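Working notes for the structure below.
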Amino acid sequence: MNNNNLPSPVDVSKEQLIADFKVVIADAEALLKATASQGGEAMANLRAKTEESLAVAKEKLADAQEVLVAKTKAAARATDDYVHDKPWHAVGIAAGVGLVVGLLIGRR
């Protein structure tokens with residue numbers, strides 16, 4: 101997270117990457133199930149290798165998701181602490197953001 105506790109483009113892209121990766125894993129599992137009836141030793145070896153790769157990918161995805169959740173919780177705690185420590189600063193910031201948004205909307 102950056103200094104103003106908003107998600108950075110990197111965090112957003114991590115979330116998108118996790119979502120995309122889940123889709124790829126689901127598609128690969130569906131492909132494995134669909135080809136289960138196909139015979140041959142080469143196909144069996146390929147299926148076993150793919151299943152192993154999927155297991156590793158799922159583990160890495162779970163780790164990445166845990167890190168992302170931990171960072172999000174830390175940012176939420178930091179924001180909560182700041183608002184409790186300096187409530188009038190938070191009110192001023194919110195009013196300023198509201199004013200800017202209002203001005204931008206009023207231009208249309």
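Numbers given in our numbering equal positions in the sequence shown, counted from 1, plus 100.
Note that beta-carbon positions come from the ideal geometry of N, C-alpha and C, so glycine has one too.
Just so you know, these numbers come straight off a predicted model, no measurement behind them.
Item, Value
"Cβ neighbours of Lys-160 in the same chain (closer than 7 Å, five flanking residues each side left out)", "none"
"For Lys-149 and Ala-128, the rounded distance between their alpha carbons", "12 Å"
"Selection from Gly-198, Leu-132 and Leu-154 that minimises the alpha carbon distance to Ala-144", "Leu-132"
"Where the alpha helix (DSSP H) through Ser-153 begins and ends", "141-185"
"Alpha-carbon spacing of Lys-182 relative to Ile-193, whole angstroms", "It is worth fixing the name first, because residue 182 is Tyr in this sequence and not Lys. Straight-line Cα distance between these residues: approximately 12 Å."
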